[in-house]
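First residue of the sequence shown: 319, per my numbering; consecutive thereafter.
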Amino acid sequence: MLNNDLRVSGKAGEHDRRDGHAPGNRFLGRVVACSGSRATIAAVAEEGGTDLTELWSVGRLISISVGRNRVVALVYQMNTGSHAWGEGEDNNFKIETELLGEVRVDEDGREEFSTGISRYPYLGAIAHRIRAADLMRIYDAGEGTTAVIGKLTQDESIDAAIHIPSMLSKHFAVVGSTGVGKSTAVSLLLHKAIAADPKLRVLILDPHNEFAAAFPKHAVTIDTDTLDLPFWLMRLEEFAEVVFRGRPPVPEELDMLRDILPEAKRAFRGSDNSLVRRTTEKSSITADTPVPYRMADLLALIDERIGRLEGRTEKPSLRSLKMRLIAAINDPRYHFMFSNNTISDTITETIAQIFRIPGENRPICTFQLAGIPSEVVNSVASVLCRMAFEVALWSDGAIHMLVVCEEAHRYIPSDPTLGFVPTRQAIARIAKEGRKYGVSLGIITQRPGELDQTILSQCSTLFAMRLANDRDQEIIRSAIPNSSISTTSFISSIGNGEAIAFGEAISVPMRMRFSRVDEKLLPKAASANSKHSEEDPDTVDLRKIVTRMRAVTVGPDISNFQQSYAASAAALDEVDAADEEIDAKPNTPPAPSSAPLESYRRELLPQTPRLDPAAPPATDPRLDALRREMRREEPIFPRPAPPADQPAVTRREPGPSLRESILKKPLSSLYNKD
Numbered sequence: 319m320l321n322n323d324l325r326v327s328g329k330a331g332e333h334d335r336r337d338g339h340a341p342g343n344r345f346l347g348r349v350v351a352c353s354g355s356r357a358t359i360a361a362v363a364e365e366g367g368t369d370l371t372e373l374w375s376v377g378r379l380i381s382i383s384v385g386r387n388r389v390v391a392l393v394y395q396m397n398t399g400s401h402a403w404g405e406g407e408d409n410n411f412k413i414e415t416e417l418l419g420e421v422r423v424d425e426d427g428r429e430e431f432s433t434g435i436s437r438y439p440y441l442g443a444i445a446h447r448i449r450a451a452d453l454m455r456i457y458d459a460g461e462g463t464t465a466v467i468g469k470l471t472q473d474e475s476i477d478a479a480i481h482i483p484s485m486l487s488k489h490f491a492v493v494g495s496t497g498v499g500k501s502t503a504v505s506l507l508l509h510k511a512i513a514a515d516p517k518l519r520v521l522i523l524d525p526h527n528e529f530a531a532a533f534p535k536h537a538v539t540i541d542t543d544t545l546d547l548p549f550w551l552m553r554l555e556e557f558a559e560v561v562f563r564g565r566p567p568v569p570e571e572l573d574m575l576r577d578i579l580p581e582a583k584r585a586f587r588g589s590d591n592s593l594v595r596r597t598t599e600k601s602s603i604t605a606d607t608p609v610p611y612r613m614a615d616l617l618a619l620i621d622e623r624i625g626r627l628e629g630r631t632e633k634p635s636l637r638s639l640k641m642r643l644i645a646a647i648n649d650p651r652y653h654f655m656f657s658n659n660t661i662s663d664t665i666t667e668t669i670a671q672i673f674r675i676p677g678e679n680r681p682i683c684t685f686q687l688a689g690i691p692s693e694v695v696n697s698v699a700s701v702l703c704r705m706a707f708e709v710a711l712w713s714d715g716a717i718h719m720l721v722v723c724e725e726a727h728r729y730i731p732s733d734p735t736l737g738f739v740p741t742r743q744a745i746a747r748i749a750k751e752g753r754k755y756g757v758s759l760g761i762i763t764q765r766p767g768e769l770d771q772t773i774l775s776q777c778s779t780l781f782a783m784r785l786a787n788d789r790d791q792e793i794i795r796s797a798i799p800n801s802s803i804s805t806t807s808f809i810s811s812i813g814n815g816e817a818i819a820f821g822e823a824i825s826v827p828m829r830m831r832f833s834r835v836d837e838k839l840l841p842k843a844a845s846a847n848s849k850h851s852e853e854d855p856d857t858v859d860l861r862k863i864v865t866r867m868r869a870v871t872v873g874p875d876i877s878n879f880q881q882s883y884a885a886s887a888a889a890l891d892e893v894d895a896a897d898e899e900i901d902a903k904p905n906t907p908p909a910p911s912s913a914p915l916e917s918y919r920r921e922l923l924p925q926t927p928r929l930d931p932a933a934p935p936a937t938d939p940r941l942d943a944l945r946r947e948m949r950r951e952e953p954i955f956p957r958p959a960p961p962a963d964q965p966a967v968t969r970r971e972p973g974p975s976l977r978e979s980i981l982k983k984p985l986s987s988l989y990n991k992d
């Protein structure tokens, strides 16, 4: 609906309002007190009648005549002086109002609303019902750049319009308790936004997988089955969040990863063509540079460091880091990061798919986070927000980016010790610098009290729906300008679909009701479509549920570095043994390492020798002495041989095994030093 239609509807509403009421009957009361921002109006209900009191209501606007102008005020409290009602007698009551602005009448008769007040009401000034034409002037956001998102609660003949460029350029937020209609309101706002700005590209971080149903013709859906987010796009802190499964990283292992990652990236660059090498050689490669590398190269570099003679103290940390990497690669839930498609340089395809460049008439991307492991969600959100800012930054204004964060208190909590620092930094950068480069932020949360107040304060347009928590209400009151603080006095009692909108996109705070959205475009989770399915607990396939819980899918192909790991395992053990022998006794010749591996035989296992005086000793006397020393035993004397008809019984002495005893003793003690 255009603004011209608004003016026509306003005139019709004004005419309907005057039907049955003479102009003199618009009188409500008189001003008996006034301050810089508030005014008190006194009125009388004659003979206990309620004809006049029915025209008053909390949250409604009234006007006060001051010369040619009309001051606009908002009712936020009313009471009788005696706090009682007398039947059949006059009842005096008072109405507390908040001054919002005035409708100025110029010399040529042109009327215009302004939030400033040139002349304040005087004592005895007449207060009357506001005209519908004045309501239309107050809430009209301008020609050609407005979007109608609902109706005013006070007068449903007046459209509630917002200024889309102001809402996007300086960010917006939608807050409200669960079930009040936040997701429906956001889908309505996004439909209006993409219709007003053809350059706009929208990325929705959807933790509940519910926005895909709201944009069947304008959005693409990305989930774990269709996502290829290369691991090499992550910065070091983001990659460490994945490797250490959301726990604080070990400093030694993190430092080693910082040193090895650039080497792995340079190893991959050596296989690129000359054009790519010349491009990347202009700048030094660090652990944060978004350059592809292979996990096989990274593991090979770790194996190489483990096999070096120097740095023996680093080997436990290197082995631990290697096991963490292999565990992450083998986890089928991380298939979207370590699949074959992410090994090559696919950054262009990834950006084109996620950020809709080109859009192909689908400018919205709903990024479903429900299927992503919880310890990886923060890293994925950090990568997406950071890339959204950089894409808009380097596009030189060709792309307008909007990042919508559902359940934003998960990513940017008020407690600085909680949450993931890179994600907080990426979202904060959009909130503070995004408007300069065409990046907008949309915050959706049901707990504004748990949200970072610095980022919430950057949202210049706020849609506050019903909030029951006192702390959440206090946060909203602190965000509203002081001149309209009483607007939130009834925020805990507004209905579903209603909101108090204020900020840059709205000239005056208004209580409005969002337009109804078509049933086919309502946001709903994917599982909501199957709530009325024919299956029940007796017929459901439990194996399918277990398979999805385990994420047992076609896992990543890791045979390239599995083979290198198996081939280097035996050589690594031999190198470690040789290092220890050289350190213990440099003049001792190393044992030959080229002996062929023998098959498994039982006689090779450690056994207690039979005490036969005629048989040669089965073990080295030095090993027997070492064993006695470790077990603190007395010397073993020969025992008489058992009778021929009685089989010999082999009994193991109590205490640690021979292998454990040897491992606890340095190898130098096993050599004859004479």
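Heads up, the beta-carbon is just placed ideally off N, CA and C, and yes, glycines get one too.
Three-way DSSP call (helix, strand, coil) for residue i in this model
i: THR772; result: helix
i: GLU724; result: strand
i: PRO483; result: helix
i: CYS777; result: coil
i: MET574; result: helix
i: HIS401; result: coil
i: ASP615; result: helix
i: MET783; result: coil
i: TYR457; result: helix
i: ASP714; result: coil
i: GLU632; result: helix
i: GLN395; result: strand
i: ARG920; result: Any answer about ARG920 is weak, because its pLDDT of 46 lies below 50 and its placement is not dependable; what the coordinates show is given next. Residue state, collapsed to three classes: helix.
i: ARG449; result: coil
i: PRO528; result: Residue identity check: residue 528 is Glu in the sequence provided, not Pro. Of the three classes helix, strand and coil, the one that applies to GLU528 here is coil, per DSSP.
i: ARG388; result: strand
i: GLU407; result: coil
i: LYS517; result: coil
i: GLU678; result: coil
i: LYS842; result: coil
i: PRO567; result: coil
i: ALA699; result: helix
i: LEU554; result: helix
i: ARG587; result: helix
i: ILE863; result: helix
i: ILE818; result: strand
i: ALA646; result: helix
i: GLU332; result: Residue placement at GLU332 is flagged as unreliable, the pLDDT there being 40, under the threshold of 50; a coordinate-derived value is accordingly withheld.
i: ARG422; result: strand
CA nearest to the CA of residue i, picked from the options
i: GLU555; options: ILE382, GLU420, ALA605, PRO734; result: ALA605
i: GLU837; options: VAL423, HIS446, PHE533; result: PHE533
i: ALA744; options: GLU725, ASP621, ILE773; result: ILE773
i: GLU1001; options: ARG449, ASN387, GLU372; result: A question about residue 1001 goes unanswered here, because the residues of the chain that appear run from 319 up to 992.
i: ARG662; options: HIS481, GLY434, PRO548, SER484; result: Before going further, note that residue 662 is Ser rather than Arg in the sequence given. Of the candidates HIS481, GLY434, PRO548, SER484, the one whose C-alpha sits nearest the C-alpha of SER662 is PRO548.
i: THR502; options: ASP856, LEU860, PRO841; result: PRO841
i: GLY434; options: SER355, ASP452, HIS446; result: SER355
i: ASP770; options: PHE808, VAL695, VAL739; result: VAL739
i: ASP543; options: GLU405, GLU429, PHE654; result: PHE654
Beta carbon proximity, residue i to chain D, threshold 7 Å
i: VAL757; result: Included in the structure is just one protein chain, with no chain D present.
Start and end residues, beta strand (DSSP E) containing residue i
i: LYS295; result: In the structure displayed, the chain extends from 319 to 992; residue 295 sits before or after that span and is not available.
i: GLN686; result: 682-686
i: THR464; result: 464-470
i: ALA537; result: 537-540
i: VAL609; result: Where VAL609 is concerned, there is no enclosing beta strand (DSSP E), given that its DSSP letter is neither H nor E.
i: SER432; result: 429-432
Range of the contiguous alpha helix (DSSP H) that encloses residue i
i: ALA514; result: 500-514
i: MET828; result: Here MET828 belongs to no alpha helix (DSSP H); instead the beta strand (DSSP E) covers 824-832.
i: ARG795; result: 788-797
i: PHE656; result: 653-656
i: ALA670; result: 665-672
Assess contact between the region 711-725 and the region 519-529, defined as three or more Cβ pairs (one per stretch) separated by less than 8 Å. Is contact present? yes
Given 8 Å, three or more beta-carbon pairs between the region 486-495 and the region 530-549: no
Evaluate contact between the region 574-586 and the region 614-629, counting only Cβ atoms and requiring at least three cross-stretch pairs below 8 Å. Three or more Cβ pairs closer than 8 Å define a contact, and the region 574-586 meets that threshold against the region 614-629.
If we count Cβ pairs, one from each stretch, closer than 8 Å, do we get three or more for the region 722-740 versus the region 692-710? yes
Any chance the region 667-674 sits against the region 636-651, with 3 or more Cβ pairs inside 8 Å? no
Assess, as a yes-or-no matter, whether the region 438-450 is touched by the region 396-407 under the definition of 3 or more beta carbon pairs within less than 8 Å. No, the region 396-407 does not touch the region 438-450.
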